[in-house]
Structures are given as structure tokens and as C-alpha cells.
Amino acid sequence: MPVDKNLLSGSNTMLVLRVLEREDCYGYQLIQELRRQSEGAFDLQEGTLYPILHALERDGFVTSRLATAETGRRRKYYHLTDAGREELDRQRAEWREYARAVEGFVFRPGPATV
């Protein structure tokens with residue numbers, strides 16, 4: 002089941018970094034891998050992905066290179082840098098803290114107190 006886009010918006014960058022941690026990808030491949038690895042839960046559109054990739058490249062978290070695929074088509078492959086790995090680790094830690102706080106609040110027994 003696809004995840005609500007409002008929930009995803011803050012984590013899209015972390016998801017892209019995670020895919021690139023596993024392998025270098027070109028844009029469409031990254032979208033497909035994200036969808037496949039999440040069993041369809043995460044379905045980024047190109048209009049969302051490319052601004053993320055451009056910002057990651059600008060910030061030094063990814064680099065890109067042009068290469069010719071077996072089909073003869075030129076593609077831009079993105080590669081996670083050491084700084085990108087550090088950023089992914091930072092975002093993972095931040096996500097764990099956030100998720101722990103949300104779970105503690107949402108699943109706390111009894112009614113919420115005001």
C-alpha cells in the first residue's frame with residue numbers, strides 16, 4: 002500500500018540516500034529500486050526525485066557521472082560520497098528518535114491528557 006505523501010515528504014532525501022548506499026543508480030533506476038525495495042510503498046515521481054538529487058549533489062552528498070548503457074543510451078549515474086554516508090547516518094539517527102517519540106505518544110495506553 003502506498004504511503005501518504007505528507008508522511009513521506011520529510012524522509013524522501015533519506016530514502017534516496019539509502020538506495021544510493023546500496024548501488025550507483027540513474028534517475029529512473031532509483032525510482033524503480035525505491036519502489037521495489039519498499040514493496041511499492043514508496044513511489045517517487047521524477048518531479049520530486051530530481052530536485053532532491055540536485056540538492057544532494059550541490060551539498061556534496063552525491064556525485065554524478067555520464068555513462069553509456071548497454072542499450073547505447075547515455076545516462077547520468079549518481080554515487081553516494083563519504084559525506085553522503087555521514088548524512089545518511091545522521092538522518093537515520095534523527096528518524097529513530099522521531100519514530101520512537103511518535104510511537105510512544107500514539108501507542109501510549111489510555112486517553113491522551115490535555
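Residue numbers for the sequence shown follow the numbering used here, so the first one is 2 and each next one is one higher. Idealized CB from N, CA, C, for every residue including glycine.
Straight-line gap, residue i to residue j (C-alpha atoms, nearest Å)
i: Arg16; j: Leu35; result: The residue you asked about is not Arg; residue 16 is Leu in the sequence shown. Cα to Cα, Leu16 sits roughly 7 Å from Leu35.
i: Glu87; j: Asp25; result: 17 Å
i: Asn13; j: Glu58; result: 15 Å
i: Gly111; j: Ala102; result: 16 Å
Three-state secondary structure assigned by DSSP to residue i
i: Ala84; result: helix
i: Ala68; result: strand
i: Arg74; result: coil
With 16 other Cβ atoms within 10 Å as the buried cut-off, status of residue i
i: Phe106; result: exposed
i: Leu18; result: buried
Residue range of the unbroken alpha helix (DSSP H) whose run includes residue i
i: Thr14; result: 13-23
i: Glu34; result: 28-38
N-terminal and C-terminal residue of the beta strand (DSSP E) that residue i is part of
i: Thr49; result: Taken as a continuous stretch (DSSP letters only), Thr49 belongs to no beta strand (DSSP E), being part of the alpha helix (DSSP H) at 47-59.
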